[in-house]
Structure formats: structure tokens, C-alpha cells
Amino acid sequence: MDSSSSSPNNNNHHKLGFQPARSRSRLAMASPANTSEPKIVTGTAGYILEDVPHFTDYIPNLPTYPNPLQDNPAYSVVKQYFVHVDDSVPQKVVVHKDGARGVHFRRAGPRQKVYFEADEVQAAIVTCGGLCPGLNTVIRELVCGLHHMYGVKKVLGINGGYRGFYARNTITLTPKSVNDIHKRGGTVLGTSRGGHDTKKIVDSIQDRGINQVYIIGGDGTQKGASAIFEEVRKRGLKVSVVGIPKTIDNDIPVIDKSFGFDTAVEEAQRAINAAHVEAESVENGIGVVKLMGRNSGFIAMYATLASRDVDCCLIPESPFYLEGPGGLYEYIEKRLKENGHMVIVIAEGAGQELVSESVQSMSKQDASGNKLFQDVGLWISQKIRDHFAAQKTLPITLKYIDPTYMIRAIPSNASDNVYCTLLAQSAVHGAMAGYTGYTSGLVNGRQTYIPFYRITERQNHVVITDRMWARLLSSTNQPSFLDAKGDNEEKEEEEALNQLPDGHCAKDTSLASKEINSSIYPTAC
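Residues are numbered in our numbering as their position in the sequence shown, beginning at 1, plus a constant of 572.
This is the structure we're talking about:
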């Protein structure tokens, strides 16, 4: 056993300027000694590291142990077992030659020293919120990663979401019991919305002797995980609280994408293909497909681009209108006269302001606090039928397909299975190394540890002034639906200057970015 108690963060922060030893400047770090303040490390040329909390930030004199991976036969062929202490991943890879190096996140992976012995680890896994392809794969890889890489034998599954910590029994998880679960949809642990009571949850964690908690869920779930971490820290417990981001809508910021998104886009093709077959088989046929996307239209956008059979894609970020020049009715009539059929894809959160005008809207919420939307797919289908029935000049046949729950419930595809494995193993490496209060996520193709506050500060949205949306408009030939008022143009232009080239909004609202003079950043991507 190595009795050294110094933090790996504090020991190596002086190296993170990535400068030769003689020219390394003194770095500034926000000290989190008494409160959970963001850990910000600054270096030369505008370098910023938004670091994640570590046990040694609030628990002194912790012993460390050699990482058992160095004796693992599976890793014997790896030239470098462990992630270098200086490794970090930039949030933005498109920069100007004179621009700042910008915000970075700590690179994920195994460390040379760990803060747990295998026999002392009591891990717990919980899934919260809606279903998503890949949940079972993440559970499987967490269990197998803990067991096969670190020799951890005690892993509990929390049944039924957050309330399962204090209201339900736990499930013992072993590599054998989870061996085939990745082939099934849903979650073997069960899930629920709401039920978050921070003190009850941490009481349960403390009473059960749990010292690693892996929380799989969306932005609301990650906010709950952050609250659990704060309470754990307040009590001075040696408990790693780790988030794994899950949202089929792909609306979590910072990360490249969420697991299950590729599967959702792929499965959406079946619904779009069916709608296209129905539409082209009759005169003036219209196929309408509603896809997931409460506040972000990524699934609808990518499914449309992948299909090439879609004539119109409607998403929450791009307001549209029905009547008048440039409206949806005019475009439908034009498309039917040209092709004899058309396919419309609409995200569930699109056009809600129009639905509210024509349907008495109740401000109801689900258990997670999400506003309950009206069914825009049924609404727009009926509006189109009524419009052309009143016109009496162009008889139509419309078929409506809603594959939402079919897509959520399927197993993840090969791409997402690999991604889930990387997310889970990275989460395990971080917890064993003593990191806590973070989310494991992919940033610019590299696994990273991201502080909770960056994950929960806002939602990710499609930027409709971005090149990806332009590609979609070019593919469908649909109108932009920008009316004469142009209410959103100025806001969209501002967002476009802060975007990533892949269509994800990357407006940097981080605390770290405010510490650097804005003049050193490039003015556009």
C-alpha cells in the first residue's frame, strides 16, 4: 500500500500548462476547500481546465494503492497502461491560429494509483427517467468492468429509479446475471421519474455502505446526481458519485452525442420508409411521421438526412406556420403537384405554440417536471386533412405513423453498444481513481470527465443557422418558414457564431470562460 495522501490533481496541476519545465508559469486554481466551487485551472495561451472534484479535496490523508490493471493479462499488450497526468481534451477543436487554447476537460481512463481496494468497494447502479436503447449495455459494462478490471465483487442494482434507494429492495448484480441483458431493450433495474429525496438517498447510501454510485439518466437525473454529490461531500463521505448521460433526444450539452441516439436514428428509418411506401402508393399521398425531440430536433434532423425520402422536417428550434405565402399548406400543395406524394417528419416538440392556439392547453407536468405536450403529430395530420378537404381541389390520402415507444424500447445497435462500453469503463476508471461529482462523456471523440454543472447548465439545441440545417434544407427543398417578422433571426445569428461545425450549439456559458478576456477568442467557428 502507498500511504501517500497528496491529491493527483494538486501534484500535477503545475504541469498542465504543457510548457517546458523552465517556462512553466504558476497556475491559478479556484480552491474548493469549504464549498463545492468549480475547479478551474488556467495555463498559458488561454488554456483552461474545468476539472472535476476529487476525494482529496475534502478528505485528508487517504491511502492509495497500485492499480491492479498493471497485472491484468488483458492489458499486457498495451504500451501505456495509464492516462498521462497532463492529458486533457479541448471542448472546441476548430480554432484560429491566434486564438486562445480554450476550455479543456480531464481525459478519462485508468490512473496509476487508485483510492479503493477491491474488497472495500460496494457499488450501486441506478437508472432514472425514460427508456433509451443501450441502458442494459451500460449496466452490463459497469458490472463487468468493475469485476474484470478491478476485481470488485459487490455491485448492487437499485430497483425503480431514485426512489429505489429508500423504498425498494436492491438487486445483486454479477457478470453472470448481466451476461445477456444487452440483447434486450429497456432496463433490467426498472426506472421511474421523480422520487428524488437527497437526504433519504444519501442516508440509504451511508446505511448500506455504498461507496460508488453510478447514476444513468438525462439532464434532470444529472441535476439529482449533483445534489447527491453535494450532500455526500457535506457529510465528508468517501463515496464516488458518477453520472452517465442518457437522453435519446441528444439534448445534453458539451458531449458529442448521447448513447442510444444512433440507434434511434437508425430505427426511425423504418417508420420513414413505411410512410414513404404508403404515400407513393396512392395519388396525392402524404406520410406523416412523428419522432422524439421535446426541445431538440436532432433525431428528426439526422433521420431526415439519412433517409433522403423526406420532403419536410419540422423541429422545435425552427418555428413554422401553416397558411399564407411560404407556409406549410402552400409547400404541401406544390410538392404534391410536382411529385404526387410527400413525406413529413415532425419532432414531438415542434409547433407546440400552434397547437396551444387551437387546442385548450393545460399546463401539466410529469413527475420529472417536464411539460406535457399535446400530440403534434395527430394535430398536424388533422389540420392538413381539414385544409385540403375545404379546398376541394386536391383530394389527399394521409397516413400517420408514431413509432416513438417502439424506438425507445429496442436494444442498442452495434455502434451504441461500443459507445456504452467506453462510457461505462471510463466511469469505473474515474471512480476507482478517486474522482467524484462528474459525468463520463465523449468530447471531440475522446472520453472525458465533465463537471456536473457543465452538463446541467443548459440544453443542447439544433442551430438552424448552422451548415447541418442548411444541408437538410438542401435535401428536402422545404422553405425556411422565416416570416416577415424575423423575430428569431438576430438570436440565431448570435448562436451561429458559437457553434460546433457538426450542428451542436456550443455557446460557452461556462464559469471558466468568463475568467478569460473574450477578446482572445476567435469571433467565429
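Backbone N, C-alpha and C fix where the C-beta goes; we use that ideal spot for every residue, glycine too.
Predicted, not measured: the structure shown is a model, and the values here were computed from it.
query, result
"Separation of L926 from D769, as counted between CA atoms", "37 angstroms"
"DSSP-derived helix/strand/coil call for V837", "helix"
"C-alpha distance - G866 paired with L1054, whole-angstrom precision", "For the record, residue 866 in the displayed sequence is Arg; it is not Gly. Cα to Cα, the separation comes out at about 21 angstroms."
"Assumed close pair Q924, Q946 - CB separation to whole angstroms, cut-off 8 angstroms", "7 angstroms"
"Residue of G1013, Y991, L894 and P967 minimising C-alpha distance to P1051", "L894"
"Where D623 falls: helix, strand or coil (DSSP)", "strand"
"Identity of the residues DSSP links to R679 by a beta bridge", "T1020"
"Pair within 8 angstroms by beta-carbon distance, G674 and P662", "yes"
"Three-state class that DSSP yields for C1101 in the structure shown", "Nothing can be reported for residue 1101: it is not among the residues displayed for the chain, which extend from 573 to 1097."
"Coarse secondary structure for C716, derived from DSSP in three states", "helix"
"Counted within 10 angstroms of its Cβ, other Cβ atoms place L1044 as buried (16 or more) or exposed", "buried"
"Beta-carbon spacing of A680, G1002 below 8 angstroms", "yes"
"Reduced DSSP secondary structure (H/G/I, E/B, other) of K669", "coil"
"Classification of S879 by the beta-carbon crowding that lies within 10 angstroms, buried from 16 upward", "buried"
"Counted within 10 angstroms of its Cβ, other Cβ atoms place Q642 as buried (16 or more) or exposed", "exposed"
"Residue from T746, W951 and S812 with nearest C-alpha to H719", "T746"
"Minimum C-alpha distance to N822 - residue among D881, I1022 and C704", "C704"
"Where S987 sits in the DSSP three-state scheme", "helix"
"7 angstroms CB neighbourhood of G921 in its chain, flanking five on each side removed", "G865, R866, N867, P888 and F945"
"Reference Y722, options S776, P645, Y738 and Q794, closest by Cα", "P645"
"Close beta carbons around I982, own chain, < 7 angstroms, minus the five adjacent residues each side", "P705, G757, T835 and E839"
"G789 vs T876 beta-carbon contact at 8 angstroms", "no"
"Pairwise C-alpha distance: V686 and V657", "14 angstroms"
"S798 burial status per 10 Å Cβ neighbour count (16 or more: buried)", "buried"
"Proximity to V837 [Cα-Cα], best of S987, L966, P632 and V813", "S987"
"Residues near N741 in its chain [Cβ-Cβ closer than 7 angstroms; skip 5 each side]", "N731"
"Identity of the residue in P1023, S1046, S928 and V724 nearest H626 by Cα", "P1023"
"Extent of the continuous alpha helix (DSSP H) to which L877 belongs", "F870 to S879"
"Backbone CA spacing between A851 and H913 [nearest angstrom]", "6 angstroms"
"Pair within 8 angstroms by beta-carbon distance, V724 and V693", "yes"
"Pair within 8 angstroms by beta-carbon distance, I916 and C884", "yes"
"N- and C-terminal bounds of the alpha helix (DSSP H) containing S565", "Lying outside 573 to 1097, the shown extent of the chain, residue 565 is not represented and no answer is given."
"Closest residue to G857 among T1008, E905, A999 and D779 (Cα-Cα distance)", "E905"
"Contacting residues, own chain, Cβ-Cβ under 8 angstroms from G762 (five flanking each side not counted)", "T699, N731, G732, G733 and G736"
"Helix, strand or coil at L728 according to DSSP, with G and I counted as helix", "strand"
"Cβ-based neighbour list, D775, same chain, cut-off 8 angstroms, excluding 5 preceding and 5 following", "Y738"
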